[in-house]
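K.L.:
Residue numbers (this note's numbering): 1365 to 1571. Virtual Cβ for every residue (Gly too), placed ideally from N, Cα, C. Just so it is clear, the structure is predicted and the values come from calculations on it, not from any experiment. So that we are looking at the same thing, I have put the structure below in structure tokens.
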């Protein structure tokens, strides 16, 4: 394996599995227990972290991928992925995105400089630039009754608070803030604060 990839650093080559058709650029570091399969192409100066599984992926340059599962998708340059991220289903990420622990992307087209750092599911979505997804943000993209998957469109500079649910189909315009705990079912115009939750009631003498 070192003969095939002379300019790639393997921390423990005996624990790594790489298919025949895989391409890996110079300066990339492969940590232990990594599996790379299919027609994967990995560019230069990437870090592929411990126990990552990568299959049929295009990965550009200078990405950091830690302990994650990536399949059938495209990642450009300078992204931080993981630990424990799952990217699949023809997703496409441009550059300088942070996709953190227990975040899943499925069939997402994402621009640059987005943050989804914890406990988030983004599916069937078109996402712009400079967005921040709070912990527990979910795109509800599938109607189990009609079996239809709908698209969620998110512009630029959108921020969601913790535990938001975005029920597709939706169109969320630029510079929108969505309050924590909201369930969003209608399009949100540019520059709005969207709140969709019941006001707290404290019922005395309940217990």
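Specify, as a first and last residue, the run of the beta strand (DSSP E) that residue 1474 falls within.
P.N.:
Your numbering for residue 1474 matches position 110 in the chain shown. Residues 1462 to 1474.
K.L.:
Give me the DSSP bridge partner(s) of residue 1434.
P.N.:
Working through the chain shown from its first residue, we reach residue 1434 at position 70. According to DSSP, which records beta bridges pairwise, residue 1434 is partnered with 1418, 1451.
K.L.:
Indicate the three-state DSSP secondary structure (helix, strand or coil) for residue 1377 in the structure shown.
P.N.:
The count along the chain shown starts at 1 and reaches residue 1377 at position 13. Reduced to three states, the DSSP call for residue 1377 is helix.
K.L.:
With H, G and I counted as helix, E and B as strand and the rest as coil, what does DSSP make of residue 1510?
P.N.:
Stepping through the chain shown from its first residue, residue 1510 is reached at position 146. The answer is coil: DSSP assigns residue 1510 none of H, G, I, E or B.
K.L.:
Looking at the secondary structure, which residues open and close the beta strand (DSSP E) in which residue 1410 lies?
P.N.:
Numbered from its first residue, the chain shown carries residue 1410 at position 46. Where residue 1410 is concerned, there is no enclosing beta strand (DSSP E), given that its DSSP letter is neither H nor E.
K.L.:
For residue 1567, count neighbouring C-beta atoms within 10 Å of its own C-beta (all shown protein chains included) and say buried if the count is 16 or more, exposed if not.
P.N.:
Taking the first residue of the chain shown as 1, we reach residue 1567 at position 203. By the 10 Å Cβ count, residue 1567 comes out exposed.
K.L.:
Do residue 1529 and residue 1540 count as a contact pair if the criterion is CB distance below 9 Å?
P.N.:
Here residue 1540 refers to the residue found at position 176 when the chain shown is read from its first residue. Here residue 1529 refers to the residue found at position 165 when the chain shown is read from its first residue. No, these two residues do not count as a Cβ contact at 9 Å.
K.L.:
Please report the straight-line C-alpha distance between residue 1494 and residue 1461, rounded to a whole angstrom.
P.N.:
The count along the chain shown starts at 1 and reaches residue 1494 at position 130. The count along the chain shown starts at 1 and reaches residue 1461 at position 97. Roughly 9 Å between the two C-alpha positions.
K.L.:
Cutting at 6 Å between CB atoms, please list the residues of its own chain near residue 1382, excluding the five before and the five after it.
P.N.:
For this step, residue 1382 is matched to residue 18 along the chain shown. Excluding sequence neighbours, residue 1382 sits near 1400.
K.L.:
Check residue 1385 in the structure and name its three-state DSSP category.
P.N.:
Taking the first residue of the chain shown as 1, we reach residue 1385 at position 21. Reduced to three states, the DSSP call for residue 1385 is coil.
K.L.:
Excluding five sequence neighbours on each side, which residues of the same chain lie with their C-beta closer than 6 Å to the C-beta of residue 1487?
P.N.:
Residue numbering aside, residue 1487 sits at position 123 when the chain shown is read from its first letter. Contacts found: 1470, 1503, 1505.
K.L.:
Relative to the C-alpha of residue 1450, which residue among 1438, 1442, 1385 is closest?
P.N.:
Taking the chain shown and counting its residues from 1, one reaches residue 1450 at position 86. Out of 1438, 1442, 1385, 1438 has the C-alpha closest to the C-alpha of residue 1450.
K.L.:
With a Cβ-Cβ cutoff of 9 Å, do residue 1444 and residue 1463 count as a contact?
P.N.:
As a first step, residue 1444 must be located in the chain shown, where it is residue number 80. As a first step, residue 1463 must be located in the chain shown, where it is residue number 99. A contact, by the Cβ cut-off of 9 Å.
K.L.:
Need the endpoints of the beta strand (DSSP E) that residue 1484 sits in, please.
P.N.:
Start at 1 with the first residue of the chain shown, and residue 1484 comes out as number 120. Where residue 1484 is concerned, the enclosing beta strand (DSSP E) stretches over 1479 to 1491.
K.L.:
Let's see if you can read the secondary structure: which residues bound the beta strand (DSSP E) around residue 1503?
P.N.:
Within the chain shown, residue 1503 is the residue found at index 139, counting from 1. It spans 1502 to 1504 - the beta strand (DSSP E) in which residue 1503 sits, taken as one unbroken run.
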